[in-house]
Structures are given as structure tokens and as C-alpha cells.
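Under our numbering, think of the first position of the sequence shown as 16, with each following residue one higher.
Here a beta-carbon is modelled for each residue, glycine too, at the ideal position from N, C-alpha and C.
This report concerns only the one structure given below.
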Amino acid sequence: MTASSKDVEEHWAGGHPVYLGANVLPMLARWIEFEAPPTQCYVLGDSTTLRNCLPELLAFVPHLQHAEPIEITPGEASKSIEVCNAIWGHLSDREAERGALLVNLGGGVVSDLGGFIAGTYKRGIRHVNVPTSLMGMVDASIGGKTGIDAAGIKNLVGLFRDPLGVYVHVPFLRTLGKRELLNGVAEMIKHGLVRDADHYHAVREAPLHDIGALAALIHRSVAIKCAVVNDDPHEHGARKLLNFGHTIGHALEAHSWESQHRGLLHGEAVAVGMVCEGWLSWRQGLLDRGSLDVLEAHLLGLYKGYAFNDDDHHRLVELMRNDKKNADGGFRFTLLRNIGQAVVDVPVSAAQVSEALDHYRLLVRHHAAHHDPEA
Ligand SMILES: NC(=O)c1ccc[n+]([C@@H]2O[C@H](COP(=O)([O-])OP(=O)(O)OC[C@H]3O[C@@H](n4cnc5c(N)ncnc54)[C@H](O)[C@@H]3O)[C@@H](O)[C@H]2O)c1
Ligand SMILES: [Zn+2]
């Protein structure tokens with residue numbers, strides 16, 4: 016970490032810097048004034064982030080006042096080829112050139128989509144990410160992975176495309192709802208679990224509604240994400256650490272959007288995934304029982320239980336097989352050796368996955384019986 020200007024903390028994530036602190040927006044303003052003509056700046060956001068965060072961005076970065084905002088509908092459905100087509104057309108109609116700059120102001124949907132647009136429009140224009148959701152700040156905006164959903168599969172099409180910078184302005188979180196906040200907290204918990212036990216315990220004990228208290232923890236999570244990306248920008252090895260909770264989590268997320276189930280947010284699915292994969296870590300003789308108990312009580316206390324039954328196991332395993340991360344046929348998990356330490360590529364059988372799902376359902380029932388007075 017190097018301090019580049021007063022009150023700005025700088026980290027490096029593979030091919031791009033990430034800036035944090037009280038002065039990141041003035042810093043962005045200085046950079047943009049120097050780098051990009053106002054007529055060639057475009058701000059991409061969803062209707063909510065443009066309403067809640069654009070006025071503050073413009074107050075700090077007046078250079079963007081003439082940039083016409085490109086507005087998408089909030090939600091995952093905007094990560095589509097149809098929306099890309101509309102934005103490519105929009106940029107072309109306004110004669111955006113190779114020297115144009117796209118400012119992605121929003122959560123992970125905006126940075127994934129905007130990064131993909133920036134990487135593809137006229138073979139590539141520049142972009143910066145200004146994350147506004149907690150998920151965006153600690154995870155999605157960092158590391159250069161961009162993409163959209165296609166053929167019914169999340170993130171099927173995309174590219175590695177580094178932003179020129181990521182500017183994390185924590186006060187944007189003031190308007191973020193509680194459910195979305197907890198969604199991002201799941202990734203912060205994961206950062207601690209795979210890399211930093213002190214961070215895990217600090218997140219576990221933090222008053223999560225207090226943005227001020229959260230700020231220091233966000234800085235730490237960003238530092239961890241950056242360090243892991245630095246070790247392995249293109250996800251050949253070390254970056255797999257960040258997959259803890261995600262092998263089962265992705266399947267649960269996809270499953271929850273099928274049929275009559277309620278849709279889980281990504282972080283909510285990862286929280287369930289971390290319970291299941293924590294148990295697998297114990298089952299494989301890696302994690303001790305005491306640590307597993309702490310993890311389970313924590314996650315079940317923070318996130319609502321996800322209801323599914325025996326018949327769903329087959330579908331969940333099938334969804335896991337479709338996940339590109341398991342292309343070799345067997346399952347390879349990132350598991351915990353300890354709180355704060357993970358191991359990648361641990362082989363796990365489908366039967367063990369099924370056992371982990373059974374264990375989760377049992378836990379949820381047990382938790383409800385002890386914590387819900389009506390049960
Ligand atoms: N590229 C990566 O490395 C990576 C990593 C993690 C997640 N992702 C992607 O990120 C997406 C999820 O990100 P997300 O959870 O930020 O979703 P999102 O972008 O849909 O944002 C969630 C919701 O919060 C709202 N919101 C955002 N900022 C707000 C603010 N300051 N005030 C009020 N409302 C605000 C949005 O309008 C939206 O309704 C998924 O598509 C996922 O695949 C990508
Ligand atoms: Zn994730």
C-alpha cells in the first residue's frame with residue numbers, strides 16, 4: 016500500500032489501482048479533468064444509483080456535469096446482450112470515440128456490464144469504476160472481471176478488462192438498504208475466513224448498520240481482495256481462494272431463481288454456501304469443530320435460512336456440474352484449514368456435497384426451533 020495523496024489509500028489489484036478514503040472523489044476529479052474531454056465522458060448507472068449517487072458525484076466532479084448519463088434498469092436482468100446492444104448504439108449515436116471514458120457508477124451489475132461495454136465498444140475504451148453498493152466496493156468493482164449473462168447462465172460471456180482506477184467512496188452506502196448491505200457483508204466475511212482471522216472476527220463483531228464503523232473493515236476487505244488478485248490476476252491458482260462458499264453458493268443462487276423458490280441475492284447464497292463448505296472443511300479433517308460451530312452460529316444468526324428439500328439435491332449437484340469452475344468433471348473446492356486460512360482444489364464427491372446440504376437443512380431446523388418463539 017502506498018499513500019498517493021492526503022487521505023487517500025491506494026492498493027494495486029493486478030492491473031489497476033484502487034483508491035479509498037475521504038478524498039477519492041476530488042482525486043477522480045483531478046484525474047478526469049486532465050485525461051478526458053467533457054464531451055467524451057459517459058456515466059453509466061442504474062436508475063437508483065443515478066438518483067442516489069450521481070448528484071454527490073457531480074458535486075465533487077463538476078467536469079462530468081455535461082456527461083449524459085446512460086441509465087439502465089436496476090437488477091441482474093440488465094446484464095444482457097440486449098442492454099449491451101442498446102448501450103453500444105447509444106455510444107455510437109453520440110459519436111463516442113476510442114478516447115472516450117466510461118464512468119461506472121453503481122453496484123456489481125453496473126461495473127460488470129460497464130466493464131464489458133468498455134472492453135468491447137470500438138475494441139475498447141477506457142473506464143473507471145465508482146462502486147456504490149457494498150458488494151461493488153469490496154468485490155465486484157475490483158479485479159477486472161467483467162461480463163454479462165447469456166443462454167440462461169450467469170456471467171457466461173465476458174472478459175478481463177482492467178478499469179483505469181476504482182474509486183471507493185464509502186458514504187455512498189448511506190442510501191443502501193439493509194438486505195443489500197448484508198449481501199456485501201457476506202463477501203467481507205469470506206475475505207476474513209480465507210485470509211485474515213482478525214478481520215473475520217472484527218466483521219463478526221461490528222455494528223453493521225454503522226457505516227462509520229464499517230469503513231475501516233471495508234478498507235481491510237479491499238486490501239485482501241487486491242492482494243489475492245495481485246497474486247493471480249487471471250484466476251489460474253491463488254485467486255481460487257475467493258471461491259470459498261461459491262461452489263455450492265452459485266448452485267443455490269441459480270436454484271433459488273428457478274421454480275417457486277424465492278430468489279437469493281448472491282451474498283445470501285454464498286452465506287449458505289459457506290455454511291455447507293465450512294462443514295465440508297470439517298468433514299475433510301481440515302477445520303476443527305469449534306471453529307465450525309462459531310461460523311455456523313454466526314451465519315445462521317445473520318442470514319435467513321434457505322428452504323429446500325431432498326429432491327432438490329440432484330438439481331443442485333447438476334447446477335454445480337454446469338459451473339465452469341468444475342470443468343474436469345469432479346468437484347474441486349476451496350475449503351478452510353482454519354479461520355483465516357484456506358486451501359484450494361480439494362476434491363469432494365457428489366455424495367459429500369449431498370451430506371453437506373443435509374447438514375445445512377438440519378442446522379436451519381435446529382436454529383429455528385431455538386430462536387423462533389413460535390416454532
Ligand atoms: N466481477 C466480479 O468480480 C464480481 C464479483 C462479485 C459480484 N459480481 C456481480 O455483481 C452483481 C451483484 O452486485 P450488487 O450486489 O452490487 O448488485 P446491483 O448492482 O444490482 O446492486 C444491488 C441493488 O442496490 C442498488 N444500489 C446500489 N448502490 C446503491 C446505493 N448507494 N443506494 C441505494 N441503492 C443502491 C442497485 O440499484 C440495485 O438495486 C452480480 O451481477 C454479480 O455477478 C461481479
Ligand atoms: Zn461472490
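Residue nearest to V285 in terms of C-alpha spacing, selected from A269, G264, G305 = Sequence index remark: in the sequence shown, residue 285 carries index 270 (1-based). Per the Cα distances, G264.
Is the beta carbon of L191 within less than 6 Å of some heavy atom of ligand 1?
-> By 1-based counting over the sequence shown, the position of residue 191 is 176. Result yes, Cβ under 6 Å from ligand 1.
Where D326 and L128 are concerned, what is the direct C-alpha to C-alpha distance, given to the nearest angstrom?
-> Residue mapping note: residue 326 aligns to position 311 of the sequence shown, counting from 1. Residue mapping note: residue 128 aligns to position 113 of the sequence shown, counting from 1. Approximately 35 Å, taken between the alpha carbons.
Determine the extent of the beta strand (DSSP E) in which A28 is found, giving its start and end residues.
-> Translated into the one-based positions of the sequence shown, residue 28 becomes position 13. It spans 23-28 - the beta strand (DSSP E) in which A28 sits, taken as one unbroken run.
What do you reckon, are the CB atoms on T190 and N258 nearer than 7 Å?
-> Numbered from its first residue, the sequence shown carries residue 190 at position 175. Numbered from its first residue, the sequence shown carries residue 258 at position 243. No, Cβ-Cβ distance for T190 and N258 is not below 7 Å.
Just reading off the beta strand (DSSP E) that L120 is part of, what are its end residues?
-> Taking the first residue of the sequence shown as 1, we reach residue 120 at position 105. Start and end: 116-121.
Helix, strand or coil at V243 according to DSSP, with G and I counted as helix = What you label residue 243 is simply residue 228 of the sequence shown in a count that begins at 1. Reduced to three states, the DSSP call for V243 is helix.
DSSP state of T349, grouped into three classes?
-> Stepping through the sequence shown from its first residue, residue 349 is reached at position 334. T349 falls in the strand class under three-state DSSP.
Nearest CA to the CA of P70: which residue from V244, P186, D213?
-> Within the sequence shown, residue 70 is the residue found at index 55, counting from 1. Among V244, P186, D213, the Cα nearest to that of P70 is on P186.
Output the distance between the C-alpha atoms of C241 and V218, rounded to the nearest integer angstrom.
-> Walking along the sequence shown from the start, residue 241 turns up at place 226. Walking along the sequence shown from the start, residue 218 turns up at place 203. So the two alpha carbons sit approximately 18 Å from each other.
Spatial neighbours of H261 within its chain, please: CB distance less than 7 Å, with the 5 preceding and 5 following residues excluded, ordered by chain position.
-> Taking the first residue of the sequence shown as position 1, residue 261 is located at position 246. These residues qualify, in order along the chain: V285, G288.
Apart from the five residues just before and just after H234, which ones in its own chain have a Cβ nearer than 7 Å to its Cβ?
-> Locating residue 234 in the sequence shown gives position 219, where the first residue counts as 1. Same-chain partners within the cutoff: E24, L35.
Decide yes or no for the touch test of the region 300-313 against the region 363-370: beta carbon pairs closer than 8 Å, at least 3 of them.
-> no
Would you check if the region 208-225 and the region 59-74 touch, i.e. whether three or more CB-CB distances between them fall below 8 Å?
-> no
How many angstroms separate the CA atom of S148 from the CA atom of D154?
-> Here residue 148 is taken as the residue at index 133 of the sequence shown, counted from 1. Here residue 154 is taken as the residue at index 139 of the sequence shown, counted from 1. Cα to Cα, the separation comes out at about 10 Å.
Closer than 6 Å: V118 CB and nearest ligand 2 heavy atom = By one-based count along the sequence shown, residue 118 stands at place 103. No, since every heavy atom of ligand 2 falls outside the 6 Å radius drawn around the Cβ of V118.
At a cut-off of 6 Å, is V309 close to ligand 2 when judged by its beta-carbon and the heavy atoms of the ligand?
-> The count along the sequence shown starts at 1 and reaches residue 309 at position 294. Outside the cutoff, so no.
Just curious, the alpha helix (DSSP H) that K205 is in, first and last residue?
-> Along the sequence shown, one-based indexing puts residue 205 at 190. Per DSSP, K205 belongs to the alpha helix (DSSP H) from 193-210.
Within the same chain, show all residues whose beta-carbon is closer than 6 Å to that of I204, passing over the 5 residues directly before and after it, in chain order.
-> As a working note, residue 204 is residue 189 in the sequence shown. Closer than 6 Å at the Cβ level, and outside the excluded window around I204, lie V218.
Measure the CB-CB distance between P178 and V145 and report whether it falls below 7 Å.
-> In the sequence shown, the residue the question calls residue 178 occupies position 163. In the sequence shown, the residue the question calls residue 145 occupies position 130. No, the Cβ-Cβ distance between P178 and V145 is not below 7 Å.
Applying the criterion that 16 or more other CB atoms from any shown protein chain within 10 Å of the CB defines a buried residue, is D108 buried or exposed?
-> The count along the sequence shown starts at 1 and reaches residue 108 at position 93. The residue in question, D108, is exposed, as its Cβ has fewer than 16 Cβ neighbours within 10 Å.
Going straight from the alpha carbon of L256 to that of D338, what length do you get?
-> By one-based count along the sequence shown, residue 256 stands at place 241. By one-based count along the sequence shown, residue 338 stands at place 323. Cα to Cα, L256 sits roughly 17 Å from D338.
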